[in-house]
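Participant:
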Amino acid sequence: MRIPAHSVCTAIRDDIVAGVYERGGRLTEELLARRYGVSRVPVREALRTLEAEGFVVTRRHAGACVAEPTEQEA
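Here it is in structure tokens:
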């Protein structure tokens with residue numbers, strides 16, 4: 088059974104909001120895939136969506152991290 092990327096995206100977003108992942112903390116595809124019981128493909132798609140929504144920041148050669156709150160959000 089294939090779990091859609093939007094389900095993985097929702098789960099990761101909920102965990103970010105709940106504080107499961109620290110602000111600025113690194114999010115590896117391998118760790119997320121294991122945690123949510125999926126392959127890395129839906130995780131990769133979810134991270135792209137979360138980056139577009141501002142929950143995740145992707146840095147070249149460093150991977151994805153939970154976005155830090157802006158001054159307005161803090």
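Each residue of the sequence shown is one higher than the one before, counting from 88 in this note's numbering.
In this text, a Cβ means the ideal position worked out from N, Cα and C, and glycines have one as well.
Can you list the alpha helix (DSSP H) stretches of 4 or more residues lying completely in the segment 90 to 151, in chain order?
Facilitator: 92 to 105, 116 to 123, 127 to 140, all fully within the segment 90 to 151.
Participant: What does a CB cutoff of less than 8 Å around residue 138 pick up in its chain, not counting 5 residues either side in sequence?
Facilitator: Translated into positions along the sequence shown, residue 138 becomes position 51. Within the same chain, residue 138 has close Cβ partners 144, 145, 151.
Participant: Sorted by chain position, which residues of the same chain lie with C-beta nearer than 7 Å to residue 90's C-beta, five sequence neighbours on each side aside?
Facilitator: Against the sequence shown, residue 90 aligns to sequence position 3. Here the set comprises 125, 129.
Participant: Among the residues of its own chain, which have a CB less than 7 Å from the CB of residue 148, if the five just before and after it don't count?
Facilitator: Within the sequence shown, residue 148 is the residue found at index 61, counting from 1. Nothing meets the Cβ criterion.
Participant: Using the beta-carbon count (16 or more within 10 Å), is residue 104 buried or exposed?
Facilitator: On the sequence shown, residue 104 is found 17 positions in, with the first residue counted as 1. Exposed, by the Cβ-count rule.
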